[in-house]
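These notes are about the structure you will find just below.
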Amino acid sequence: MNWSVFDSPTLTEIGRKYFENLNLTSSNNMKLEFLTNLSDAKSKFDIIYVNTSVQYYIDYQKTIEDLMKFQPQYFIFTRLLSGEGKTFICSQYLHGKQTPCRFINFIEFCEIFKKNGYELMFKSPCEDEIPQFKNIPKQYKIPFSINLVFGKRVL
């Protein structure tokens, strides 16, 4: 099994060091690579798993379309900040720092996949508590994040 971890340079370096400190090797039929640029990926992906990060991408639509070039059979998203309201960006405070965070309209998000030959196979609320955001108008608040699975449509 091959795993590719795609993230910022800072986080991939932390992950690489953590993996090295576990004294594991990329043997036992498992290989692990850390990527800061998708064009550095060495293979096609069968499954793309994205955990609570889409809302932080500068251009989430472009990043997802770049991931689609790998033609995975499935996309799995967990803890996605998505709901029925309009897509908007707000500030989130994490560990004393302010970072942009996007709430994504659910239909808008699904359309990206639909136009690229994927269908929604699974949707569920995430049981994890979503971060508190101050000063968000009531009509834009969502009660929970969501988990989604999209699969390649079979023709």
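Going by the numbering used here, the sequence shown runs without a break in its numbering and finishes at 434. Built from N, CA and C at the ideal position, the CB exists for glycine as well.
Close CB contacts of Phe-401 within its chain, under the 8 Å cut and outside five residues either way in sequence, are with Asn-426, Leu-427, Val-428 (chain order).
Residue pairing by DSSP puts Cys-380 in a beta bridge opposite Cys-369. With contact defined as three or more Cβ pairs closer than 8 Å, the region 317 to 325 and the region 385 to 404 are not in contact. Counting every other CB atom within 10 Å of its CB across the protein chains shown gives Val-433 a total below 16, marking it as exposed. Contact check for Ile-383 against Leu-360 passes: the beta carbons are separated by less than 8 Å. For secondary structure counted as the alpha helix (DSSP H) over 4 or more consecutive residues, the region 290 to 330 holds no complete run.
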